[in-house]
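Right, one structure below, let's go through it.
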C-alpha cells in the first residue's frame, strides 16, 4: 500500500524539473519551438505532470496559479503540502505515494476529481471545503471504520467513489456495498461499478432505521452549523460597528471582574437589590448604544459602497473613451500602413511616416489627457468621500461619548448609594448588629471608616476605568479604520493606479512607434 523508496536520491521539484516538464508537455512542432524560444510563463500553464519522478516533497508550485490538472502520482511523497495557491485545480492525482494524512487541501475549493489511491491513509478527513467533489478515489489504503463513509455524506455532488481494498471494505464486501448504497444515495459508481436503483432500494430497506436516524442527525447538525455561521457573521458585523457585546452584560461583568473590593462590598445586606437596578439601567444604556452603533454602521457601509460605485463608474467611463480613441487610431494606422507598403517614392513614405507619428503623438495626448481627467475626477470623489466619512464618524463618536457619559452617571449614582450602604454597615458593625452570616472578608473591610471608604473608592475607580477603556477602544479603532482606509484609497486609487496607467500608455506608444520604425526599415530594404 505504499511506494518503496528508490535507492537513488529523492528528487526535488526545482526550476529545472518544472521547466523541462512544461516544455515536454507543451505545444509541439513550430508552436513548441516558439514557446521554447520565448519561454512559457508558469502562471499560464493549465496542466502539469510530475509523475514517476521520485519526488519526496511537494514544493515550488506557487507560480502555477492557473493550473487545473496536476499529476503527482507514483512518487514517494509523504505529506500533502505546497498546494495552497493552486486554487483553480479541478483534477489532482496523488496516488501511489506514501501519504498518511489527508491535509493541505482546504484552498482547493474547485477540486472535482481527487485521487489518493494506494497510500497509507487511515482516516478520511480535512476535505470539508471540497464541496464540488465529483470523483474520490481512496482505494488501497488503511480505512478501517464505517464512520468514514458517513463523513462523505456532506458531498452531495459525489458520484464516483473508489474505496476498494481497504480493511473496512474487505471483511464483508456485499454488506459494505449495501452500506454505501444506503448512506451515500447520490453515489452512482462504487469501485467503478454501477450502483443500480435496485441495489439502492434494497440497501435503503435494510438500513432504513439507521439512515433515517442519520438524516435526522445531519439535519440537526446542519441547523447548528447554520446557527453558528449566523452568529459568527452577526458578531463580525457588531465588531465592524464597534459595538460588539454591548447588547449583553459584558460591560457590567467586566466592571466587577477586576474589582475584588467591589465584590466584597456587594455582600453588604441590601446591596444585591441596588445591584440589580444598576445592572438593568447600565444594560439599557449599552443596548441603546448598541442599536445606534448598528444604524451608524449601516450608514457608513452605504457611503463606502456608494464611493466605490462612483469610482468604478468613473474608471469605466474613462476606459471606454480611451478604447474609442485607440480603436479610431488603429483604423487610421491600418490605412496608413497599407498605403506605405504600396509606395515606392521615399519622400512620400517619409511624409506618410510623419503623418503616422503625428497620429501617435495625438493618441498620446488624448490618452494622457483622459488620465489627467480621471485623476481630477477621482481626487474630487475621494475628497467628498473623506469629508462625508469624517462627518459620519464624528457623529458616531459624539453619541458614543454621550451614551458612555450616561453610564458614568449611573456609576456615580450607584457609588453614592454604595457609600450610604457601607456607612450604614460600618455603624452596625461598630454596634455589633451585623447579621451572623456576614462573610469574614466583608467584616475585615468594616473595621474602620478609612478601610471601607477606600474599598468603595477603589471599586468606583475600577468601574470608571472600564467605561473609559470601552470609550477609548471604540474611538481608537474607528479612527484607525478611517485613517487606514483613506490612506489605502489614496495609495491604490491615486498613486499606484496612476503610475500603472501612465506605464501602460507609455508602453503602448513605444510599441506603436516601434512598429512604424520596423515598417520603415523594411521599406528601406525593399
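Numbering (UniProt numbering), first residue to last: 1 to 526. Idealized CB from N, CA, C, for every residue including glycine.
{"Asked": "How would you write the range of the beta strand (DSSP E) that residue 533 sits in, first residue to last?", "Found": "Nothing can be reported for residue 533: it is not among the residues displayed for the chain, which extend from 1 to 526."}
{"Asked": "Rounded to the nearest angstrom, how far is the Cβ of residue 452 from that of residue 259, given a contact under 8 Å?", "Found": "The pair is not a contact, with the Cβ atoms about 15 Å apart (cut-off 8 Å)."}
{"Asked": "Quick check on DSSP: helix, strand or coil for residue 458?", "Found": "helix"}
{"Asked": "Count the C-beta pairs between the stretch 383 to 396 and the stretch 411 to 430 that are closer than 8 Å, then say yes if the count reaches three, no if not.", "Found": "no"}
{"Asked": "For chain D, check one thing: does any of its Cβ atoms lie closer than 8 Å to the Cβ of residue 461?", "Found": "No chain D appears in this structure, which consists of one protein chain only."}
{"Asked": "Where does residue 71 fall in DSSP's three states?", "Found": "strand"}
{"Asked": "Can the beta-carbon of residue 86 be found closer than 8 Å to that of residue 72?", "Found": "no"}
{"Asked": "Mind reading off the beta-carbon distance from residue 181 to residue 194? Whole number of angstroms is fine, and I expect it under 8 Å.", "Found": "At roughly 11 Å, the Cβ-Cβ gap does not stay under 8 Å, so residue 181 and residue 194 are not in contact."}
{"Asked": "Residue 137 lies in the alpha helix (DSSP H); which residues open and close that run?", "Found": "No alpha helix (DSSP H) contains residue 137, which is instead part of the beta strand (DSSP E) from 135 to 137."}
{"Asked": "Where in the stretch 435 to 522 do unbroken runs of the alpha helix (DSSP H), each at least 4 residues long, occur, reported from the N-terminal end onward?", "Found": "440 to 445 and 449 to 489"}
{"Asked": "Is it a yes or a no for the stretch 9 to 22 touching the stretch 41 to 54, going by three-plus beta-carbon pairs under 8 Å?", "Found": "yes"}
{"Asked": "What whole-angstrom Cβ distance do residue 279 and residue 307 have, given they're in contact under 8 Å?", "Found": "With 8 Å as the limit, residue 279 and residue 307 do not qualify as a contact, their Cβ atoms being about 41 Å apart."}
{"Asked": "In or out: residue 205 buried (at least 16 other Cβ within 10 Å) or exposed?", "Found": "exposed"}
{"Asked": "Which residue comes first and which comes last in the alpha helix (DSSP H) that contains residue 424?", "Found": "346 to 430"}
{"Asked": "Count the other CB atoms, across all protein chains shown, that sit within 10 Å of the CB of residue 296; report buried if there are 16 or more and exposed otherwise.", "Found": "buried"}
{"Asked": "Please list the terminal residues of the continuous alpha helix (DSSP H) segment that includes residue 216.", "Found": "208 to 240"}
{"Asked": "Please classify residue 175 as buried or exposed, where buried requires at least 16 other C-beta atoms within 10 Å of its C-beta.", "Found": "exposed"}
{"Asked": "Using three-state DSSP, classify residue 32 as helix, strand or coil.", "Found": "The pLDDT assigned to residue 32 is 49, lower than 50, so where the model puts this residue is not dependable, and the model offers no usable value."}
{"Asked": "In terms of residues, what are the limits of the beta strand (DSSP E) holding residue 47?", "Found": "47 to 49"}
{"Asked": "Does DSSP put residue 57 in a helix, a strand or coil?", "Found": "strand"}
{"Asked": "Of the residues 411, 342 and 17, which one's Cα is nearest the Cα of residue 459?", "Found": "411"}
{"Asked": "Just to confirm my understanding: we take residue 66, look at its own chain, exclude 5 residues before and 5 after, and list those with CB closer than 8 Å. What are they?", "Found": "43, 44, 45, 46 and 88"}
{"Asked": "Is DSSP giving residue 87 helix, strand or coil here?", "Found": "coil"}
{"Asked": "Enumerate in chain order the residues of its own chain whose CB-to-CB distance from residue 143 is below 8 Å, with the five nearest sequence positions on each side excluded.", "Found": "121, 122, 123, 124, 163, 166, 167, 168 and 169"}
{"Asked": "Tell me which same chain residues have a C-beta within less than 7 Å of the C-beta of residue 261, skipping the five on either side of it?", "Found": "455, 458 and 459"}
{"Asked": "Is residue 193 helix, strand or coil by DSSP?", "Found": "strand"}
{"Asked": "Bridge partners of residue 277, per DSSP?", "Found": "None, per the DSSP bridge assignment."}
{"Asked": "Quick one: Cα of residue 501 to Cα of residue 129, how far?", "Found": "38 Å"}
{"Asked": "Skipping 5 residues on each side, what residues in its chain have a beta carbon closer than 8 Å to that of residue 406?", "Found": "285"}
{"Asked": "Starting from residue 527 and walking both ways along the alpha helix (DSSP H), at which residues does that stretch end?", "Found": "Past the edges of the chain, shown from 1 to 526, lies residue 527, and the structure says nothing about it."}
{"Asked": "Whose C-beta lies closer than 6 Å to the C-beta of residue 486 among residues of the same chain, with five residues either side of it excluded?", "Found": "386"}
{"Asked": "With a threshold of 8 Å, are at least 3 pairs of Cβ atoms found where one atom belongs to the stretch 364 to 380 and the other to the stretch 441 to 449?", "Found": "no"}
{"Asked": "Of the choices 62, 224 and 74, whose alpha-carbon is the least far from that of residue 94?", "Found": "74"}
{"Asked": "Could you name the residues that DSSP lists as bridge partners for residue 160?", "Found": "135 and 189"}
{"Asked": "Would you report the Cα separation of residue 536 and residue 263, rounded to the nearest angstrom?", "Found": "Nothing can be reported for residue 536, as the shown portion of the chain is limited to 1 through 526."}
{"Asked": "Which residues in the same chain as residue 255 place their Cβ atom closer than 6 Å to its Cβ, once the five residues preceding and following it in sequence are excluded?", "Found": "463 and 466"}
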